[in-house]
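Worksheet: one structure, shown below.
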Amino acid sequence: MKRTALSQAIASFLIALTLVLLGYSAASALVYDMTVRGTDAIFLAGRTDVTIPDANAPWMTLLRHSYNSNPNGFENYQETTPGFVTVRSGDTIRLAIPAVGAVDFFNGFSGADFGPGGNGFNSVLYSLGGISGYKGPQGALTGVFLNDAIPSGGPAPATLDFSSAAMVDFMTLSPLLGQIFYIGDGFKSGGVAQQFITPAGATRLFLGIPDGWSFNGYPGYYDDNDGSYRVSLMVPDNNPVPEPATMFLFGCGLLGLAWVARRKKKQA
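Quick note on this note's numbering: the sequence shown kicks off at 91 and runs consecutively.
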């Protein structure tokens with residue numbers, strides 16, 4: 091009886107160990123180091139149908155400064171499409187460490203750089219195509235989830251409100267497809283990483299910056315943005331490859347189970 095109880099205890103332990111190891115492997119994450127440029131227009135996320143003209147040419151998809159055609163000592167930067175990572179519905183996205191960096195939205199002449207958290211809370215920008223408007227800190231690091239389609243048609247989803255300190259201090263956020271959302275440095279008060287839940291149907295997460303004339307109205311005026319933000323994005327690894335140590339322990343667990351089964355067979 092004692093041997094049977096011991097064998098059962100060993101078997102239960104090995105099964106539990108195996109499940110823990112499998113759970114650990116499934117919970118692994120990929121970390122993407124990304125640079126978000128001051129010209130990465132969040133409103134151009136997924137817009138592969140758009141051709142961005144030369145920096146000194148007029149453009150109506152995103153508005154530009156009037157001095158573009160006759161620069162007065164200013165540098166004119168061409169808008170850029172934001173980068174993205176691949177995601178799946180239900181993924182919980184976090185930042186591994188707080189986002190850093192700085193962007194000057196006045197061609198380097200203002201002497202006032204904004205960090206990923208942006209400046210103030212009074213930016214209100216209209217929607218563009220199938221992408222929502224933005225309401226929150228000026229020039230902050232933002233994201234938008236999209237599916238595989240080009241977001242060129244409307245109507246756009248509702249604009250989320252991040253216009254106060256309390257509204258950017260959330261723990262978990264579940265935006266819809268096409269809804270621009272505030273990321274900032276990715277951490278709430280107290281240094282806790284914020285969580286962004288991938289909506290149903292999403293396949294891509296884009297990171298970019300919202301801009302406009304005085305950060306209000308129609309999107310645009312990216313052509314005088316200097317600098318960048320740096321982001322380490324954690325995305326669940328949906329196809330994890332077990333590490334050698336994990337495989338070794340898993341193998342030991344299987345051998346242990348086989349030994350217990352053999353002992354029980356001999357005793358019978």
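The C-beta atom is built at its ideal place from N, Cα and C for all residues, glycine as well.
Practice item. Can you tell me which of VAL193, TYR311, PHE133 and TYR122 puts its alpha carbon nearest to the alpha carbon of LEU236? Key: Ranking VAL193, TYR311, PHE133 and TYR122 by Cα distance to LEU236 puts PHE133 first.
**Study point:** Contact check, TYR319 vs VAL193, beta carbons under 8 Å
**Key:** Yes. Within cutoff.
Point to revise | Cβ neighbours of ALA290 in the same chain (closer than 6 Å, five flanking residues each side left out) | key: Excluding positions up to five away in sequence, the list reads SER179.
Check your understanding: For the beta strand (DSSP E) that contains ALA119, what are its first and last residues?
Key -> Residues 119-127.
Exercise for review: Helix, strand or coil for SER134, going by three-state DSSP, please let me know.
Suggested key: It should be noted that the sequence gives Leu, not Ser, for residue 134. LEU134 falls in the helix class under three-state DSSP.
Review point. Looking at the unbroken beta strand (DSSP E) that takes in SER213, where does it start and where does it end?
Key: 209-215 is the span of the beta strand (DSSP E), which, as asked, contains SER213.
Point to revise | GLY302 classed as buried or exposed, judged by whether at least 16 other C-beta atoms fall within 10 angstroms | key: That one is buried.
**Study point:** 8 Å Cβ cutoff met for PHE195 and ASN315
**Key:** It is a contact, given that the beta carbons lie within the stated cut-off.
Practice item. Below 7 Å CB to CB, which residues in the same chain sit around ASN306 once its five sequence neighbours on both sides are set aside? Key: Contacts found: SER213, VAL214 and LEU215.
Review point. Straight-line CA distance for SER304 to ALA145?
Key: So the alpha carbons of these two residues sit roughly 20 Å apart.
Review point. Count the other CB atoms within 10 Å of the CB of ALA248; is the residue buried (16 or more) or exposed (fewer)?
Key: Around the beta-carbon of ALA248, fewer than 16 other beta-carbon atoms lie within 10 Å, marking it exposed.
Point to revise | Coil, strand or helix - ALA192 by DSSP | key: DSSP, read as helix, strand or coil, puts ALA192 in strand.
Practice item. Less than 8 Å between the CB atoms is what I'm expecting for PRO326 and ASP181, so what's the real figure, rounded? Key: Yes, they are in contact, since the Cβ atoms of PRO326 and ASP181 sit about 5 Å apart, within 8 Å.
Point to revise | Counterpart residues of SER322 in DSSP-defined beta bridges | key: Answer is ASP123.
**Study point:** Assigned secondary structure, GLY163 (DSSP; H/G/I helix, E/B strand, else coil)
**Key:** The predicted position of GLY163 is uncertain, since its pLDDT is 49 and thus under 50; a value taken from the coordinates is nonetheless stated next. Assignment of GLY163 by DSSP, reduced to helix, strand and coil, places it in the coil class.
Review point. Out of curiosity, what's the CA-to-CA distance linking ALA189 and MET150?
Key: Cα-Cα distance, rounded: 31 Å.
Review point. Using the beta-carbon count (16 or more within 10 Å), is GLY226 buried or exposed?
Key: Burial call: buried.
Practice item. Can you grab the Cα-Cα spacing for the pair PHE204 / PHE211, in whole Å? Key: Counting only the Cα atoms, PHE211 lies some 13 Å from PHE204.
**Study point:** Secondary structure, alpha helix (DSSP H): runs of 4+ residues fully inside the region 210-275
**Key:** Those alpha helix (DSSP H) runs which fall completely within the region 210-275 and span 4+ residues do not exist here.
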